[in-house]
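What follows is a single structure, written as structure tokens, with notes after it.
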Amino acid sequence: MQDLLNKLKNLGLQFEKASDIAKRKKDAIHLDDVFEGRWVYANNRKIFLIEKVITYGKIIGSKSLKEPKLSPNLFQLFRFNTNPWKTYEEFVFLDTETSSLSIGAGSFIFMAGLCYFTRTGLKILQLILPDIMHEILLLNYLDSFLARFSTIVTYNGKSFDVPIIKSRSLISGASCSIDQLIHLDLLHIARNIWKLRLESRKLSDIEKNILGIVRTDEEIPGWLVPQMYFDYLESGDAKLLKGVAYHNEMDIISVAKLFCLLNTYASEDFKQLKKENMLDTLAIGEILRKGQNYQLAEKVFEIGNFRWDNESIPREYIRKYANVLKRNGNLEKALHFWKIAANAGDVSSCIEISKYYEHKKKDFRESYIFGEKALFLAKKEEQSEKKLAAVKHRLCRIKTKLEKLNE
Amino acid sequence: MSENNTLLNSILSNNSKNWHQGKKDAVYIDFPDELHSSLKQALSTAGIHSLYTHQKDAWDFIKSGKDIVVSTSTSSGKTLCYQMPILQNLINEPSSTALLIYPTKALVQDQLSKFQDLINSLSRFDPGAENIIVAVYDGDTQSSQRKKIRQSANILLTNPDMLHVGILPHHPMWSNFIKNLKFVVIDELHIYRGIFGSHFANVIRRFERIFNFYGSAPRYILSSATIANPEEFCSRLIGRTVTVIGQDSSPRPMRDYYFINPPIIDKSLGLRKGMVDQTVEIAEILIKNNIQTLLFARSRKTVEFALLELKQRLGKDFKLEGYRSGYLKKERREIEKNLREGTNSAVISTNALELGIDMGMVDAVVLMGYPGTKTSFFQQSGRAGRRDVASTVFLVASQSPIDQYVVNNPEFLHSGDTDNALIDPDNPLIIIDHIKCALFELPFTPPYTFGTLKNVDVRNFLEVLCSMGISRKNNDEYHWVAEFYPAGDISIRNISNNPIALYTSGKIGKTRIGEVDFQSALKTVHQGAVYIHNGVLYRSEELSLEENRAQLVLHDDSYITTPLSEISIEVKEKFSIRRKPEFTFHFDEIHVIERVKSYKKINWETREIIGTYNLDLPEFNLITKGFWIGFGETFVQDLSTDDLWTNHPNYYGSSWSKKRKNIIKRDGNKCKVCGQNLQERDLHVHHIKPYRSFSSSQMANDPSNLITLCSHCHRIAERNVRMRSGLSGFTYLFSNLAPIHLMCDTSDIGSFFESNSKINFNLPAVFIYDQFPGGIGLSAKLFSIAEDVIRQCQQVFSRCSCENGCPSCVGPSGENGEGAKDTAGEIIQKLMEKY
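Top to bottom, those sequences are chains D and R. Under this note's numbering, the first residue of the first sequence carries the number 27, and numbering increases by one thereafter. Under this note's numbering, the first residue of the second sequence carries the number 25, and numbering increases by one thereafter.
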């Protein structure tokens, strides 16, 4: 091997081994020296298992943990037709730590964090891979554990954790039935709810700004995680994984708490939203509208008794509300709100009003006025050529109708 | 018109050779009985009512489970050889899949529409065929489409780069496709030579691991233009023995070939009329006679240049179009259509039109320069030929020795040997790249299989990865343990792993205009170098090797630069030797150390040397494989020295006799070599560096360049100078002709000579080596065919009528030194005599 290495070096191979890679310690510090937990063995493989319970009432971050109440309306936020759930015990929360932050056949999971609510508190499980050869056991254990639940809840799991679990199970020959579970990826809904309130919708930002959890200085940033594991493999020092385990535990707790918050929002037919932030309420109204749940959406939009001509309401939400009213057959009321949005400078609302006058009232003059207003605003906002063309096309058509009328 | 014909006749009669290729009829055979009737009907609808016999042969071999390569001419129906079995199989097993690999994106698009047409036609007779999904997966595929393609495609068209970086590293997402894989088609196989081919062979090795993992065992259907060694080449490329189908039974139209050498316009410099001028002259006559013409140029720049010239001459009466990469897809489709329908007069193209794009046939083809390989020559000239009418092919030669060889010896083109496509998939640098990717894709378990490599070698490579900290071994299993994505860092088309980026700064800020590899950067973009990119002259302001970048500015002065480097070569390991009476051929592992010491500024109009400037650049080390010729003592002694002083007394400037006396006085009336004390008139004053290599007589006659010698020692010194000149000329010619057998560019090999080489016991030696660390099989081949190249050197040399050397033979006179041509000729002659 040394001959080959020398030869490659002579040929110009860039020898990439970083000088700061940890050296193998004389006395390895094992996982069980560092963490409280136990080994799980099967077929000459082993993984390390950490189990703990956070009882209700205990403080996490800065807030105390409460027993969740599963809202019978939760399913409507995720666009299911019927409620698939009976109890909060059906949900398992999952977050994995991997050898690379990008996907590809070579990325593997070295730590899987799981938690679920019980009658007494939040149970936490972390599976840790002591070395790469034991991967199949971790994946098999994970698979059979997940099978106890109907639903997994993740943050960005649809495009990250789950594809990696599936791909590595295929490669290592582990069983994988994850596709048979319901998967709630909270990333998408969180993006929709907080897109106006937060600059970034990373889990850590939501945790800090919405859930009010503060991490201690045990935390290590996500981008450092793979290197910590490689350093552990190289040095045999399991202490290096303490920060990673903390990071992982906090991530799953955040996902679980986010889940609880959504249940709170959905409780009592969403009436709870009265007490919540206005923007969150409007965003949830919009989520329901997108899910074509127009009756409920109308209710949610009206729950806060907002003053719609108040400047603090973003004009697009006024329009969405009006669109819901239109869907529910209340055109006159919709017109009222489109006009408020139009006054606030909303292009689409102007178009809606123009359409309304054209088709419902056959008032082409009024229709033309709002069409022109739409074009003026669209130009001011520098909207795309395609959109401008559509507005221009509309104006032309109405103009022809107007001219015909005048003849 | 008659005037035009007279002109054409005069061009042809004065400077050309020609040959006539007769018509050959096709040999047809019925569709195989077992071919589905719906498929027969679909083919009939497309105007195909029977097969060429070679298509039937392909069918039969595939049916019997063989891997095949179809190596036949352009337009011989190679596509059908794989379309039929793939569709037949899909009718029987609707879930089966096939992967088709083409070397370029343009080709992929072309083949997609062909395949789709046939499937559309098939579904009229077999409704089930509507479910066959044929799709392209390459860098241009939209990400919203990718998932659907992965899950549902039956026939997937892609390129090697995408297989390498987009498919293999994500194979779990392709598991259904790979599990059902029945055929792997690799089209235009002859393109995969050199470094690209050596990489691609390793991509195939990785692919084999993956499909073995999923338990599938696809057959290979390969297709190639005619090459000399299809069997050997395929077995190196895909690691299997394949059945060669080379008996071409497609029809061949009548074709007249003309080989045109532009006339000499300056005899002493050996300068010929420009290739483009000559071509334009011929094309103008053809076009005016309504002969639809396709012209092939070797560079994009020449395409544009020739197009401009022709447009100026012909005005707007004729539709002339250019075709090259960089044109929009839509434009290209339009030009192809115009060619097919005969609605344009002429198209000037790069080799982009050489590969299997469907564009019909034209009346005449003009090749501007020999395209480098016989394969390309016949692919390009194969575009000429309409049924029942004789078509014409012109090859217009450039000044390069290869072109001069071909134009004077056109029989070379249809002599027995075709090109040898060479690759070395076992180059360790290339393997280590792909072992990384392979390990990323799947762990290695005993017995550690990777293509045809020995298991123990594979293990060694894996151990190297372990020592680099990116692999981990547990219980004999090797796993990938690193954060990065190895395929993303490895380009399968490029040599260099730390290229130098070229930047220009203009109004819109800094722009990256391209890159060069590290070694070339030292020579071409060192500080002060004039660098030509896309026909624009730039000057390098700074070369930063730390940041891997060079800063260029527009250059509007009238000089160009040429680097002066010092090379030394050491032999690391001896592989083979062939002894001849007075010289030896060697094939060894060598270490080339090159340092660019300075550069010359040369006025490009007068060729005057403006000055020489020193550089401070690091040396470049290349360990590679090399072929070298070592000359023996008698060989050198036998070189004639008779004419050393008899030709004409040299003029060394006005005050020479005074300077001469001073030097003799300085040296104490002694020969500085043998120490003999002699009369002044019996002593000679020698220029250590030849007089003519200086830009001024003052510099040449500087006392530090002058030395006193006796007549005997002077003769030896001059012979050394002579030997250097001759070696230089011979090396120029040999290294320029060698690529003709190696299917490579002149830049793929390096050359070097020294008149007293340590490696050859202080006797002269000439080296030709692979310009890629570890070698890619070029000099290995050269070692076995050196005699052929020397014979060709002799042919080119003896036909060249220049006086003192020119770009077409031993290099321009003046650059090699006086007498270079004669001495080079003697060297060639003696080499010929002694083997």
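Where a beta carbon is used, it is the ideal one built from N, C-alpha and C, also for glycine.
Local Cβ density within 10 Å of residue i, reported as buried at 16 or more and exposed below that
| i | result |
| --- | --- |
| N671(R) | For N671(R), the pLDDT reaches just 40, beneath the cut-off of 50, and the residue's location in the model is therefore unreliable, although a value from the coordinates is still provided. The residue is exposed, with fewer than 16 neighbouring Cβ atoms inside 10 Å. |
| K854(R) | buried |
| S128(D) | exposed |
| F655(R) | buried |
| L477(R) | buried |
| S822(R) | exposed |
| W83(R) | buried |
| T416(R) | buried |
| H60(R) | buried |
| I158(D) | buried |
| M27(D) | exposed |
Short CB-CB distance (under 8 Å) between residue i and chain D
| i | result |
| --- | --- |
| G218(R) | no |
| E597(R) | no |
| I524(R) | no |
| R496(R) | yes |
| L855(R) | no |
| Y509(R) | yes |
| H579(R) | no |
| W504(R) | yes |
| F485(R) | yes |
| L453(R) | yes |
| E501(R) | yes |
| G152(R) | no |
Contact check, residue i vs residue j, beta carbons under 8 Å
| i | j | result |
| --- | --- | --- |
| D550(R) | Y562(R) | Residue 550(R) is actually His in this sequence, not Asp. No; because the gap between Cβ atoms is not below 8 Å, this pair is not in contact. |
| G139(D) | V240(D) | no |
| W198(R) | R174(R) | yes |
| L466(R) | I162(D) | no |
| R815(R) | S779(R) | no |
| L802(R) | I783(R) | no |
| T585(R) | A553(R) | yes |
| E312(D) | Y343(D) | yes |
| D295(D) | N99(D) | yes |
| F207(R) | R243(R) | yes |
| L357(D) | F390(D) | no |
| K845(R) | N828(R) | yes |
| S100(R) | D272(R) | yes |
| N627(R) | Y583(R) | yes |
| N725(R) | K696(R) | no |
| S222(R) | D427(R) | no |
Closer than 8 Å to chain R by CB, residue i
| i | result |
| --- | --- |
| N36(D) | yes |
| L31(D) | yes |
| S375(D) | no |
| G39(D) | According to the sequence provided, residue 39(D) is Leu. The question's Gly does not apply to it. Yes, L39(D) lies at the interface with chain R (some Cβ there is under 8 Å from its Cβ). |
| S126(D) | yes |
| A54(D) | no |
| G132(D) | yes |
| M27(D) | yes |
Could you tell me whether the segment 386 to 395 of chain R touches the segment 302 to 316 of chain R, using the rule of 3 or more Cβ pairs below 8 Å?
Taking 8 Å as the limit for Cβ pairs, the verdict is that the segment 302 to 316 of chain R does touch the segment 386 to 395 of chain R.
Please list the residues of the segment 191 to 217 of chain D that have a C-beta atom closer than 7 Å to any C-beta atom in chain R, keeping them in chain order.
In summary, the residues of the segment 191 to 217 of chain D whose CB is separated from some CB of chain R by less than 7 Å are K192, S193, L196, I197, in the order they occur in the chain.
Output needed in chain order: residues of the segment 398 to 411 of chain D with a Cβ under 8 Å from some Cβ in chain R.
In summary, no residue of the segment 398 to 411 of chain D has a CB separated from any CB of chain R by less than 8 Å.
Residues from the segment 244 to 277 of chain D in contact with chain R, defined by Cβ distance under 9 Å:
Cβ contacts with chain R come from P252, Q253, Y255, F256, L259, E260.
Check whether the segment 227 to 238 of chain R and the segment 453 to 473 of chain R are in contact - that is, three or more C-beta pairs closer than 8 Å.
For the pair of segments examined, the segment 227 to 238 of chain R was found to touch the segment 453 to 473 of chain R: the number of CB pairs separated by less than 8 Å reaches three.
Does the segment 239 to 250 of chain R come close enough to the segment 278 to 285 of chain R to have 3 or more Cβ pairs within less than 8 Å?
By the Cβ criterion, the segment 239 to 250 of chain R is not in contact with the segment 278 to 285 of chain R, since fewer than three pairs of Cβ atoms, one from each stretch, lie closer than 8 Å.
If you measure beta-carbon to beta-carbon, which residues of the segment 158 to 172 of chain D are closer than 9 Å to chain R?
Answer set for the segment 158 to 172 of chain D: I158, M159, H160, E161.
Can you list, in chain order, the residues of the segment 195 to 208 of chain R whose Cβ is nearer than 9 Å to any Cβ on chain D?
Within the segment 195 to 208 of chain R, those residues whose Cβ lies closer than 9 Å to any Cβ of chain D are, in chain order, H195, P196, M197, S199.
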